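*Asks:* 642 is the number that UniProt numbering gives the last residue of the sequence shown; the numbers go up by one with no jumps. Here a beta-carbon is modelled for each residue, glycine too, at the ideal position from N, C-alpha and C. Treat the numbers as computed from the prediction; the structure is a model and nothing was measured.
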Amino acid sequence: MNKIKFFLTFFTVFATFSQGECSERITLKDVRPLTEQLFEMHVTESFMSRELTRRSLSLMIERFDPRNEYLLAEEKSPYTQAQGDRLKKALLDYQCGEYTLYIEASNAIEKGIIRHRKIRKTVKKHVINNYQAFLDAPAKKMDNPLENENQIRDKIENSYIGLIQQKLKERKKDHFSKSVVASIIAFQEMNRVEFEENYLGAGGRSFLPTLLVKTFAKSMDAHSDYYSHEEAAQFRSSLNKELCGVGVVFKRDFDGVYIAGVIQGSPAGDSGKVREGDKLIAVDGHNIQNMYFKNVMRLMKGKKGESVTLTLQGKGKTAVKSAVMKRRPIVLHSERVSSHYVPFANGGIGVIDLPGFYSNGADISVAGDLKKEIKALKSRGNLLGIVIDMRENSGGFLDQAVKVCKCFMPRGLVAIAKYKNNKVRFMNHVGNKPLYEGPIIILTSKASASAAEIVSQTLQDYGLAIIVGDKRSFGKGSMQTQTITDEKAKHFFKVTVGRYYTASGRSPQVVGVRSDIVVNSHYFPYKMGEKHLMHALSADVLTQDAFDQLHQKVSMGSWRLNSSHATQVVPYLRPKMSQLRKRLITLKSNSEKRLKKNKNFQYFLKVGNKNSEESPPRFGLKDLQMKEAEAIIKDLVTIQQL
């Protein structure tokens, strides 16, 4: 098998299936062997069962039409509610390498798209000709299943109204005209057609095998998946924090493709010719005006050292300019660990932003970057406390999570991995003085997931950190094997191979990491987390016997728990009561009093509880949650110095 790495992350490459450019085009004959390969590794699923067949038939439809836009309820139900002989037939077909019902579902999808396009054509003309009537018409919430074609029409019209209303927020009303509205609708049409092409005609038939493997993988659990070449490349860049290119970030709008950002130190940044807000006219002489966005991105790709010419139009200008640049490797510094020093008392507080658990296998890693930042903070003066911000951290490589824990732990068990057939592996830290031994606040949210939860809960288990944030983190306590980081892999996939537990025997799977002090993030009103995902693995903890046996094995393993190190053992299913955690009652009480008096924070909660989809107003401070985390660490330092 190709080189495989373990990682823990919650990361969605695309919201919908994308055909992309596969590393190797697969056929229907490849579907079952590839799926069986995933079954061999999966932690709970070993074969295609009746339940997985039911899930996969439903997923085939729901992943295509999650918002009930294309298919009527009666057209969906034979697949989303399949039972009896239909399920039996689908299962027998799979075992024979045949996919009759899935092909039937694919045909139903194709018919739904053709009908949708026909209705769109009529609605589009109506909205454009009567656009002034829709400028003040609010979009409705229409999530119910479709019962007839009139409802399809209403939903299409509503989607156009929603888009017009969205653009009205960005532009003045008197700037709107019939041609502007036509451009807005044409923009949405292009995005829809780009998505729909995956399912139509020859393109749909060639994509079907990939779609089936994706569907079967997703039916196993919420995080197993199969990827196209383009999806894998995007995922790889996010984990490695580097890419090969010229260093521009694009955004597509209804009137063109624009430069949304320029990476400092990149070819684009060094050229002085590419600026944020510039409109992209052409790439290497290819006019991109009516081109699918994915095709524009393909034009931008190339090998190290190869040149690319961008034709651009400056913001508010009519003249065009050209920028010729050579592609080269670019490190994404803005997505790596960073810190700043906040003076306080006889020293200062270090605030560290830890956005992910990344590594390129060479000179870039989150553990290496964290060590540099801690040393830099210490050089500023007496480092009295640290706030580690992991609110937007969705995970990454397991080995990096273990190495990050080592920066703060003297020694001890970091995590326990439990695989198929109850095979167990433990990851421990065997030595060296911690890089930092003072008070730690870890700031989390409902978006903090996976490897971020390992670090949070491990340091909580040992009494080394206090967790501040939403009531619970995301709740991803599973680990995946993947081939995504291997550019030469024949196929790109990730499959869930185990659950992980921290030293107390707890797993964050489904339940998340519980905050010691609740200070809500902007995510608090929303339904987020593993428990809201389809087919998530169940919650779990190690049994008392397994916990005791494991710690017995650890004590006889690569390091020994003698009397001087016995304090490193944590209690079963709860954190160790350290000096730090003994301050919790006081810290929690002080925080509650501060937040109750904080008018900005109370207004923030009030707006959030309305679950408003409107952009929230300013609350007097940029980051209320971070401000309170800093107040808590300062409170803790003050108490300890008394």
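Can you name, in chain order, every residue of its own chain whose Cβ lies under 7 angstroms from the Cβ of CYS405, other than the five neighbours on each side?
*Replies:* Translated into the one-based positions of the sequence shown, residue 405 becomes position 405. Around CYS405: VAL414, HIS429, VAL455, THR458, LEU459.
*Asks:* For GLY277 and GLN313, what's the separation of their Cα atoms in angstroms?
*Replies:* Position 277 of the sequence shown, counting from 1, holds the residue named residue 277. Position 313 of the sequence shown, counting from 1, holds the residue named residue 313. Rounded to the nearest whole angstrom, the C-alpha separation of GLY277 and GLN313 is 9 angstroms.
*Asks:* Would you report the Cα separation of LYS403 and LEU370, rounded to the nearest angstrom?
*Replies:* To locate residue 403, count along the sequence shown from 1; it is residue 403. To locate residue 370, count along the sequence shown from 1; it is residue 370. Cα to Cα, LYS403 sits roughly 10 angstroms from LEU370.
*Asks:* Within the same chain, show all residues whose beta-carbon is closer than 8 angstroms to that of ASP353, passing over the 5 residues directly before and after it, in chain order.
*Replies:* Looking up residue 353 in the sequence shown gives position 353. Same-chain partners within the cutoff: VAL337, SER338, SER339, ASP389.
*Asks:* Does the separation of the CB atoms of PHE524 and GLY608 fall below 9 angstroms?
*Replies:* Here residue 524 is taken as the residue at index 524 of the sequence shown, counted from 1. Here residue 608 is taken as the residue at index 608 of the sequence shown, counted from 1. In this structure, GLY608 lies closer than 9 angstroms to PHE524 by Cβ.
*Asks:* Going by beta carbon distance, what residues of the same chain come within less than 8 angstroms of GLY261, once the five residues before and after it are set aside?
*Replies:* Counting from one through the sequence shown, the residue named residue 261 turns up at place 261. Cβ within range, chain order: VAL248, VAL249, GLU276.
*Asks:* In this structure, what does DSSP give as the bridge partners for SER478?
*Replies:* On the sequence shown, position 478 is the one that residue 478 refers to. Paired residues: ARG499.
*Asks:* In this structure, how does DSSP classify GLN83 when only helix, strand and coil are distinguished?
*Replies:* Position 83 of the sequence shown, counted from the first residue, corresponds to residue 83. GLN83 falls in the coil class under three-state DSSP.
*Asks:* What residues in its chain sit with their C-beta under 6 angstroms from that of ALA323, if we drop five residues either side in the sequence?
*Replies:* The residue given as residue 323 occupies position 323 in the sequence shown. Only residues of its own chain outside the window of five on either side were considered, and among them SER271, LYS273, VAL274, LEU310 have a CB closer than 6 angstroms to the CB of ALA323, listed in chain order.
*Asks:* How close, in whole Å, do the beta carbons of LYS417 and ILE442 come, if the pair is a contact with beta carbons under 8 angstroms?
*Replies:* Stepping through the sequence shown from its first residue, residue 417 is reached at position 417. Stepping through the sequence shown from its first residue, residue 442 is reached at position 442. It should be noted that the sequence gives Ala, not Lys, for residue 417. The pair is not a contact, with the Cβ atoms about 22 angstroms apart (cut-off 8 angstroms).
*Asks:* Give me, in chain order, the residues of the same chain whose beta-carbon lies closer than 7 angstroms to that of PRO209; leave out the 5 immediate sequence neighbours on both sides.
*Replies:* The residue labelled residue 209 in the question sits at position 209 within the sequence shown. These residues qualify, in order along the chain: ILE26, THR27, LEU28, ASP30, VAL31.
*Asks:* Under a three-way DSSP split, which group does TYR191 fall into?
*Replies:* Position 191 of the sequence shown, counted from the start, is the residue given in the question as residue 191. The sequence shown places Asn at residue 191, rather than the Tyr named in the question. Note: ASN191 maps to helix in three-state DSSP.
*Asks:* If contacts are defined as beta-carbon pairs under 8 angstroms, then residue 655 and SER224 qualify, I think. What distance do you get, rounded to the angstrom?
*Replies:* Summary: the structure shown does not reach residue 655, with the chain confined to residues 1 through 642, and so no result is reported for it.
*Asks:* Go ahead and pull the three-state DSSP assignment for LEU561.
*Replies:* To locate residue 561, count along the sequence shown from 1; it is residue 561. A caution first: LEU561 carries a pLDDT of 38, below 50, which makes its placement in the model unreliable, though a value can still be read off. Three-state DSSP puts LEU561 in coil, outside helix and strand.
*Asks:* Return the residue from the list GLY316, PRO355, LYS317 that minimises the CA-CA distance to SER334.
*Replies:* Counting from 1 along the sequence shown, the entry for residue 334 is found at position 334. Nearest of GLY316, PRO355, LYS317 to SER334, Cα basis: PRO355.
*Asks:* The alpha helix (DSSP H) that contains ASN590, what's its start and end?
*Replies:* Along the sequence shown, one-based indexing puts residue 590 at 590. ASN590 -> alpha helix (DSSP H) spans 584-597.
*Asks:* Where in the stretch 364-450 do unbroken runs of the beta strand (DSSP E), each at least 3 residues long, occur, reported from the N-terminal end onward?
*Replies:* For secondary structure counted as the beta strand (DSSP E) over 3 or more consecutive residues, the stretch 364-450 holds these complete runs in sequence order: 383-389, 395-397, 412-419, 424-429, 440-444.
*Asks:* Quick check: the Cα distance between GLU45 and ALA133, rounded to an integer number of angstroms?
*Replies:* Translated into positions along the sequence shown, residue 45 becomes position 45. Translated into positions along the sequence shown, residue 133 becomes position 133. Cα to Cα, the separation comes out at about 54 angstroms.
*Asks:* Quick one: what's ARG506 bridged to in DSSP?
*Replies:* The residue labelled residue 506 in the question sits at position 506 within the sequence shown. The partner list for ARG506 (beta bridge, DSSP) reads VAL541.
*Asks:* Mind checking which residues open and close the alpha helix (DSSP H) that includes THR311?
*Replies:* To locate residue 311, count along the sequence shown from 1; it is residue 311. Run containing THR311: none in the alpha helix (DSSP H); it sits in the beta strand (DSSP E), 307-313.
*Asks:* Under the rule that 16 or more other beta-carbon atoms within 10 Å means buried, what is ILE307, buried or exposed?
*Replies:* By 1-based counting over the sequence shown, the position of residue 307 is 307. This sequence places Ser at residue 307; Ile is not what is there. Classification for SER307: exposed.
*Asks:* For PRO145, name the three-state secondary structure that DSSP assigns.
*Replies:* Taking the sequence shown and counting its residues from 1, one reaches residue 145 at position 145. In this structure, PRO145 counts as coil in the three-state DSSP scheme.
*Asks:* Given a threshold of 16 other Cβ atoms within 10 Å of its Cβ, counted over all protein chains shown, does residue 644 qualify as buried or as exposed?
*Replies:* Because the chain spans 1 through 642 in this model, residue 644 falls outside it and cannot be assessed.
*Asks:* Could you pull the DSSP bridge partners for PHE604 from this structure?
*Replies:* Position 604 of the sequence shown, counted from the first residue, corresponds to residue 604. According to DSSP, which records beta bridges pairwise, PHE604 is partnered with nothing at all.
*Asks:* Around the C-beta of LYS155, are 16 or more other C-beta atoms found within 10 angstroms, so that it is buried, or is it exposed?
*Replies:* Numbered from its first residue, the sequence shown carries residue 155 at position 155. LYS155 should be labelled buried.
*Asks:* Check whether the stretch 72-90 and the stretch 527-539 touch, using three or more Cβ-Cβ pairs below 8 angstroms as the test.
*Replies:* Because the criterion of three Cβ pairs below 8 angstroms is not met, the stretch 72-90 and the stretch 527-539 do not touch.
*Asks:* Look up ASN68 in the DSSP assignment and say whether it is helix, strand or coil.
*Replies:* Here residue 68 is taken as the residue at index 68 of the sequence shown, counted from 1. Correct three-state label for ASN68: coil.
*Asks:* Tell me whether PRO525 sits in a helix, a strand or coil according to DSSP, three-state version.
*Replies:* As a position in the sequence shown, residue 525 is number 525, starting the count at 1. Note: PRO525 maps to coil in three-state DSSP.
*Asks:* For GLU628, which residues of its own chain have a beta-carbon under 6 angstroms away from its beta-carbon, when the five flanking residues on both sides are left out?
*Replies:* Locating residue 628 in the sequence shown gives position 628, counting from the first residue. Answer for GLU628: VAL519, listed in chain order.
*Asks:* Under the rule that 16 or more other beta-carbon atoms within 10 Å means buried, what is LEU642, buried or exposed?
*Replies:* For the purposes of this step, residue 642 is taken as the residue at position 642 of the sequence shown. LEU642 is exposed by the Cβ-count criterion.
*Asks:* Between LEU212, VAL331, SER159, which lies nearest to GLN264 when the distance is taken from Cα to Cα?
*Replies:* Against the sequence shown, residue 264 aligns to sequence position 264. The residue with the shortest Cα to Cα distance from GLN264 is VAL331.
*Asks:* Just reading off the beta strand (DSSP E) that PRO343 is part of, what are its end residues?
*Replies:* Translated into the one-based positions of the sequence shown, residue 343 becomes position 343. Element bounds for PRO343: 338-344.
*Asks:* With distances taken Cα to Cα, identify the nearest neighbour of LEU398 among ASP253, GLN37, ALA451.
*Replies:* To locate residue 398, count along the sequence shown from 1; it is residue 398. Closest option to LEU398, Cα to Cα, is ALA451.
*Asks:* With distances taken Cα to Cα, identify the nearest neighbour of TYR462 among ASN360, ARG380, ALA503.
*Replies:* Residue mapping note: residue 462 aligns to position 462 of the sequence shown, counting from 1. Answer by Cα proximity: ALA503.
*Asks:* Nearest to THR318 by CA position, among LEU280, HIS286, ILE349, is which residue?
*Replies:* On the sequence shown, residue 318 is found 318 positions in, with the first residue counted as 1. Closest option to THR318, Cα to Cα, is LEU280.
*Asks:* Can you have a look at LYS476 and say buried or exposed, based on whether 16 or more other CB atoms are within 10 angstroms of its CB?
*Replies:* Residue numbering aside, residue 476 sits at position 476 when the sequence shown is read from its first letter. Buried is the call here.
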